[in-house]
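Participant: Provided herewith is a single structure, encoded as structure tokens, for subsequent inquiry.
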Amino acid sequence: MKTLLVTGAAGFVGYHLCRRLLARGDRVVGLDNLNDYYSVQLKRDRLAQLQGLAGFSFQQADLADAPALDAVFAAQRLDGVVNLAAQAGVRYSLTHPQAYVQSNLVGFANILEACRRHGLPPLLYASSSSVYGANEKMPWAVADNVDHPVSLYAATKKANELMAHTYAHLYGLPCTGLRFFTVYGPWGRPDMAYFKFTQAILAGEAIDVYNLGRMQRDFTYIDDVVEAVVRLADRPAVGDPAWDAQAPDPASSRAPYRVYNIGNHQPVELLAFIAVLEDVLGRKAEKRLLPMQAGDVVATYADISALQRDVGFAPSTPIEQGLQRFADWYRGYYGA
Numbered sequence: 049m050k051t052l053l054v055t056g057a058a059g060f061v062g063y064h065l066c067r068r069l070l071a072r073g074d075r076v077v078g079l080d081n082l083n084d085y086y087s088v089q090l091k092r093d094r095l096a097q098l099q100g101l102a103g104f105s106f107q108q109a110d111l112a113d114a115p116a117l118d119a120v121f122a123a124q125r126l127d128g129v130v131n132l133a134a135q136a137g138v139r140y141s142l143t144h145p146q147a148y149v150q151s152n153l154v155g156f157a158n159i160l161e162a163c164r165r166h167g168l169p170p171l172l173y174a175s176s177s178s179v180y181g182a183n184e185k186m187p188w189a190v191a192d193n194v195d196h197p198v199s200l201y202a203a204t205k206k207a208n209e210l211m212a213h214t215y216a217h218l219y220g221l222p223c224t225g226l227r228f229f230t231v232y233g234p235w236g237r238p239d240m241a242y243f244k245f246t247q248a249i250l251a252g253e254a255i256d257v258y259n260l261g262r263m264q265r266d267f268t269y270i271d272d273v274v275e276a277v278v279r280l281a282d283r284p285a286v287g288d289p290a291w292d293a294q295a296p297d298p299a300s301s302r303a304p305y306r307v308y309n310i311g312n313h314q315p316v317e318l319l320a321f322i323a324v325l326e327d328v329l330g331r332k333a334e335k336r337l338l339p340m341q342a343g344d345v346v347a348t349y350a351d352i353s354a355l356q357r358d359v360g361f362a363p364s365t366p367i368e369q370g371l372q373r374f375a376d377w378y379r380g381y382y383g384a
């Protein structure tokens, strides 16, 4: 049995990860600040599900509060840390940049320092497909250049990868970055497009479809994401002795550092995605076609060969099945 700290435990991915770890017998210390970026009640309801499970304990704290975070680390010996706490959302970063600086930069620095001071427990942390930014080569591979972010959110996630490598190099802290690609499913985030679409369609309201619908996303079902994270948590990063400083691979290092894409490797056209959602909801959507939004990208498409190679796993949930499960949960939770 391991003892793992999961930050962002009341969040979407954090909630599902905690359930999976507890189901296999691990002890989980959950941490979350329960901020109001989206429904605090939804976060509390996720947390209520976890607090009824054996092996789970919870601390309400903010990553930017270094003393509070240090106290959590000092209270028990941790076998690993999964940092999923962050200020999420590309569009919100256009209007609330300081939230990203405090949570994603200051908070992440505090996580690294706490790991350094308390026994160097292996660290997994949420990065994002957003780091690929202006890169138009498809599919996006972890060996690709990610030096051209197009939102502050993306820039903070790129910064997290750089900060993690520094601690891996200086202190031997095993660090694994998780570049998530458009995660969806039950108990999801209300700020995500699929969630907003469902809410609007069932209410008989129009949905906003950006770039006139000419978008692609590598939608990845939550159970697949969690399986990948658990497998990587069981395989802490190690240094690559074959790493070549003359031709450096950005996804690995001589230090114990790795980066992986956590995606479906099957991008879906946005209009096709909406058509599947219409089918599972049994209602047609009224579409309001709009131009591209600042900070957004036209397509995301994950090369997951590194994930397959190292942990033998590839996501496999079809979009039809995943959206049906989400719709069933949504109707049950909201009584829609």
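Residue numbers for the sequence shown, in the numbering used here: 49 to 384.
Beta carbons are placed, not taken as given, at the ideal position from N, Cα and C, and that holds for glycine.
1) Quick one: any contact between the stretch 331-341 and the stretch 242-249, if contact means 3 or more CB pairs under 8 Å?
2) Using a Cβ-Cβ cutoff of less than 6 Å, which residues in the same chain neighbour residue 141 once the five nearest sequence positions on both sides are dropped?
3) Using 10 angstroms around the beta-carbon of residue 181, count the other beta-carbons present and answer buried if the total reaches 16, otherwise exposed.
4) Under the assumption that residue 352 contacts residue 311 (Cβ atoms under 8 Å), give the Cβ distance between them as a whole number of angstroms.
5) Please classify residue 368 as buried or exposed, where buried requires at least 16 neighbouring CB atoms within 10 angstroms.
6) From what residue to what residue does the beta strand (DSSP E) around residue 174 run?
7) Where does the unbroken beta strand (DSSP E) through residue 105 begin, and where does it stop?
8) Express the C-alpha separation of residue 303 and residue 234 in angstroms, rounding to a whole number.
9) Report buried or exposed for residue 135, applying the criterion of at least 16 other Cβ atoms within 10 angstroms of its Cβ.
10) Measure the alpha-carbon distance for residue 232 versus residue 291 and round it to whole angstroms.
11) Which complete beta strand (DSSP E) runs does the stretch 184-270 hold, if anything under 3 residues is left out?
12) Between 66, 144 and 112, which lies nearest to residue 153 when the distance is taken from Cα to Cα?
13) Count the other CB atoms within 10 Å of the CB of residue 393; is the residue buried (16 or more) or exposed (fewer)?
14) Could you tell me which of 216, 245 and 86 sits nearest to residue 378, measuring between CA atoms?
15) To the nearest angstrom, report how far apart residue 150 and residue 117 are at their CA atoms.
16) Am I right that residue 299 and residue 306 are in contact with their C-beta atoms under 8 Å? What's the rounded C-beta distance?
17) Thinking C-beta only, is residue 82 closer than 8 Å to residue 120?
18) When the Cβ atoms of the stretch 184-199 are set against those of the stretch 280-288, are three or more pairs found closer than 8 Å?
19) When DSSP builds the beta bridges, which residues end up paired with residue 78?
20) If contacts are defined as beta-carbon pairs under 8 Å, then residue 56 and residue 132 qualify, I think. What distance do you get, rounded to the angstrom?
21) Using CA coordinates, which residue listed in 114, 176, 106 and 162 is at the minimum distance from residue 345?
Facilitator: In short:
1) They touch, by the three-pair rule.
2) Residue mapping note: residue 141 aligns to position 93 of the sequence shown, counting from 1. Counting only Cβ-Cβ distances below 6 Å, and skipping sequence neighbours, we find 148, 199, 200 and 201.
3) The count along the sequence shown starts at 1 and reaches residue 181 at position 133. By the 10 Å Cβ count, residue 181 comes out buried.
4) Here residue 352 refers to the residue found at position 304 of the sequence shown. Here residue 311 refers to the residue found at position 263 of the sequence shown. Their Cβ separation, rounded to whole angstroms, is 6 Å, which keeps residue 352 and residue 311 in contact under 8 Å.
5) Counted from its first residue, the sequence shown places residue 368 at position 320. Taking every protein chain shown into account, the CB of residue 368 has fewer than 16 other CB atoms within 10 angstroms, so this residue is exposed.
6) Counting from 1 along the sequence shown, the entry for residue 174 is found at position 126. DSSP places residue 174 in the uninterrupted beta strand (DSSP E) bounded by 171-176.
7) Your numbering for residue 105 matches position 57 in the sequence shown. Looking at the DSSP string, the run of the beta strand (DSSP E) that includes residue 105 is 104-108.
8) Walking along the sequence shown from the start, residue 234 turns up at place 186. Walking along the sequence shown from the start, residue 303 turns up at place 255. Roughly 37 Å separates the two Cα atoms.
9) For this step, residue 135 is matched to residue 87 along the sequence shown. Residue 135 counts as buried, since at least 16 other C-beta atoms from the protein chains shown sit within 10 angstroms of its C-beta.
10) Here the question's residue 232 lines up with position 184 in the sequence shown. Here the question's residue 291 lines up with position 243 in the sequence shown. Rounded to whole angstroms, residue 232 to residue 291 spans 35 Å at the Cα level.
11) Taken in chain order, the complete beta strand (DSSP E) segments of 3 or more residues contained in the stretch 184-270 are 223-228 and 255-257.
12) Stepping through the sequence shown from its first residue, residue 153 is reached at position 105. Ranked by Cα distance from residue 153, the first of 66, 144 and 112 is 112.
13) Outside the shown range of the chain, which is 49 to 384, sits residue 393, and nothing can be said about it.
14) In the sequence shown, counting from the first residue as 1, residue 378 sits at position 330. Cα-wise, what sits closest to residue 378 is 245.
15) To locate residue 150, count along the sequence shown from 1; it is residue 102. To locate residue 117, count along the sequence shown from 1; it is residue 69. Near 14 Å, if we compare the C-alpha coordinates of residue 117 and residue 150.
16) Locating residue 299 in the sequence shown gives position 251, where the first residue counts as 1. Locating residue 306 in the sequence shown gives position 258, where the first residue counts as 1. At roughly 7 Å, the Cβ-Cβ gap stays under 8 Å, so residue 299 and residue 306 are in contact.
17) As a position in the sequence shown, residue 120 is number 72, starting the count at 1. As a position in the sequence shown, residue 82 is number 34, starting the count at 1. Going by beta carbons, residue 120 and residue 82 fall outside the 8 Å limit.
18) Inter-segment contact for the stretch 184-199 and the stretch 280-288 is absent: fewer than three beta-carbon pairs are separated by less than 8 Å.
19) By one-based count along the sequence shown, residue 78 stands at place 30. 54 and 106.
20) Taking the sequence shown and counting its residues from 1, the one referred to as residue 56 is at position 8. Taking the sequence shown and counting its residues from 1, the one referred to as residue 132 is at position 84. The beta-carbon distance between residue 56 and residue 132, rounded to whole angstroms, is 4 Å. This is short enough to meet the 8 Å contact definition.
21) Start at 1 with the first residue of the sequence shown, and residue 345 comes out as number 297. When only C-alpha atoms are compared, the closest one is 176.
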